[in-house]
Amino acid sequence: MVETQPRLIFGVSDFIAIVNQTLDYAYPVVEIEGEVSSFKVNQGKYVFFDIKDSQSSIGCFMSVWQLRLPIEDGMKVIVSATPKLTQWGKFSLTIKTIRPSGEGALKKSFDILKAKLDQEGLFAIDRKRQLPSSPQHVAVISSTEAAGYADFVKILNDRWGGVRVDVAHVQVQGASAPDQIIRAINYFNQQQVIPDVLVIIRGGGSADDLSAFNDEPLVRAIAASRIPTLVGVGHETDESLADMVADVRAATPSNAAQILVSDKNDAIKSIRTKTGSLLPRILQIIDRQQQIVTDLVYGAVKQMDRAVDDQVKNLLSIRSILTQLDPNMVLRRGYALIRGDTKPGEVIEVETLKIILKAEVKNVTIK
Amino acid sequence: MSQSSKTIQEKITELNQLVAWFDGDDFVIEQALDRYKQAEALAADIEKELLSLKNDIQVVKQKFDRDN
């Protein structure tokens, strides 16, 4: 008699559970690239769409908070997901992350989010705060292994000293980068004494590498930072939404260091110029004051001279008048001075220039 | 505040004020030389400090790869 193995009979729910266990074991997380279709958001919480290629299509599900970038039908994406058989026997992907794939999709997603945030006023000029001119305490968010970070530190140290720099080491590319950067932003913003400036830097890379800096929650976290922000991502030509929302945008990490602190060589030059000009200024002021004193003395002497001249002239004029009044001058001109009573029979005294004579008045005629 | 406990920025501000005094209404020639010597000493101190001061760069211990 041949013993037959008992046939395994599953309950429907058990079978679905076993399929899910098998899938979970074989494919805990899969990455799939495809095109989005039938994208919709239900009740503002749940996102449904299909991911497809030319031959096949799979339904996808995710929560709306997991959606970091704008997605729309026709966009090429890469999803990171867990495959699952639902209790209704429908195969679907539970999405962990979704990101645009290829430059076209990245650009499209970037443009949609940029327009949305711009409409909300996140990039408005009047939101921008000034950075302190000489920060004492700086927070830096970057990967300490990145070349961009090394450039930043080198330029910072070359330019200025005495700054306390707290660095948060984070991933600056890949799916986990935005959340790590957001945690670092929150960490610094929650300090009892907050830093003067928050610097977020990353060197150059491909559009996909830099796409972490176009993540909507990250852009909003930068906008919400109570610490003024300075963002330098990629090269000069790269433009990220993180750059645009920052209080100050640096073209590169090196440029961020240049914006952050002054150049000590310039400061030394300026100090030397300022103090070097003081002594000549003092001498110039002394010269000027000496000139003023000289001018005053000269003026006083001149005034005195003038006064003396005036007095001399005055004296000469008086002397001339006195001379005119001198009786001798009259006598010199041949006239005589008569003293006494001019009545007939009286004796009068007649004085000329050289003699005095006495004479008797004989006759008096009225003219 | 003693001279050494001031930050570079505070010292630069003090130097700027000293230099501005020479152009201000309070300027008196009798004090000019003293002020000049003060400015010279402060400038030398700032320059020395600028050339010797290092930044204090520390990587924070906090990890950011997951929620804490």
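Quick note, the sequences are listed as chains P and W, same order. According to our numbering, the first sequence is numbered sequentially starting from -12. According to our numbering, the second sequence is numbered sequentially starting from 164. Think of the CB as a built atom: it goes at the ideal place given N, C-alpha and C, for glycine as much as any other residue.
Outcome for Trp75 (chain P) when other beta-carbon atoms lying within 10 angstroms are tallied against a minimum of 16: exposed
Rounded straight-line distance, which links the Cα of Asn144 (chain P) to that of Tyr199 (chain W): When rounded, the separation of the alpha-carbon atoms in Tyr199 (chain W) and Asn144 (chain P) is 31 Å.
Short CB-CB distance (under 9 Å) between Ala13 (chain P) and chain W: no
Beta-carbon contacts of Ala92 (chain P) that lie in its chain and below 8 Å, excluding the five residues immediately before and after: Met62, Lys63, Val64
Among P:Ala194, P:Val248, P:Lys256, P:Ile187, the one whose alpha carbon lies nearest that of Val232 (chain P): P:Ile187
Backbone secondary structure at Pro70 (chain P) - three-state DSSP: strand
Min CB distance Glu212 (chain W) to chain P below 9 Å: yes
Chain W contact residues for Ala208 (chain P), given Cβ-Cβ distances below 9 Å: Near Ala208 (chain P) there are no residues of chain W at all, since even the closest Cβ is about 12 Å away, more than 9 Å.
For Val51 (chain P) and Val117 (chain P), the rounded distance between their alpha carbons: Checking the sequence shown, residue 117 (chain P) turns out to be Gln, not Val. If I take the Cα positions, the gap works out to 35 Å.
Whole-angstrom C-beta distance between Gln160 (chain P) and Ala134 (chain P), which should lie under 8 Å: That pair is no contact at about 13 Å.
Backbone secondary structure at Gly89 (chain P) - three-state DSSP: helix
Counted within 10 angstroms of its Cβ, other Cβ atoms place Asp166 (chain P) as buried (16 or more) or exposed: buried
N-terminal and C-terminal residue of the beta strand (DSSP E) that Gln221 (chain W) is part of: For Gln221 (chain W), the uninterrupted beta strand (DSSP E) run begins and ends at 219 to 222, by DSSP.
Any 3 or more C-beta pairs closer than 8 Å across the segment 7 to 15 of chain P and the segment 32 to 46 of chain P: no
Amino acids of chain P, ordered along the chain, whose beta-carbon sits closer than 7 Å to that of Val222 (chain W): Thr131, Val154, His156
Secondary structure of Tyr33 (chain P), DSSP reduced to three states: strand
Terminal residues of the alpha helix (DSSP H) in which Met231 (chain P) lies: 228 to 232
Enclosing beta strand (DSSP E) for Phe48 (chain P) [first to last residue]: 44 to 50
Partners in chain W for Val150 (chain P), counting only beta-carbon separations shorter than 7 Å: Asn218
C-beta neighbour in chain W for Leu309 (chain P), strict 9 Å: no
Residue from P:Ala171, P:Ala244, P:Arg189 with nearest C-alpha to Glu132 (chain P): P:Arg189
Alpha-carbon spacing of Tyr33 (chain P) relative to Leu109 (chain P), whole angstroms: 26 Å
Sequence-distant residues of its chain with Cβ nearer than 8 Å to Phe139 (chain P) (five each side left out): Val127, Ser129, Val186, Ile188, Gly219, Pro240, Ser241, Ala243, Ala244
Simplified DSSP state of Ile353 (chain P), which is helix, strand or coil: coil
Proximal residues, the segment 176 to 190 of chain W versus chain P, C-beta separation under 7 Å: Leu178, Val182, Phe185
Cβ neighbours of Gly332 (chain P) in the same chain (closer than 8 Å, five flanking residues each side left out): Glu347, Val348
Proximal chain W residues relative to Val140 (chain P), where beta-carbon distance stays under 7 Å: Per Cβ cutoff of 7 Å: Ile220.
Within-9 Å CB hit, Ser165 (chain W) to chain P: Below a pLDDT of 50, predicted positions are generally treated as unreliable, and Ser165 (chain W), at 46, falls in that range; no measurement from the model is reported.
Interface flag, Tyr33 (chain P) vs chain W, CB-CB below 9 Å: no
Chain W contacts from the segment 266 to 283 of chain P (Cβ-Cβ distance under 8 Å): Leu266, Arg268, Ile269, Ile272, Ile273, Gln276
Neighbour list for Glu203 (chain W) in chain P, Cβ cutoff strictly below 9 Å: Thr262, Leu265, Leu266
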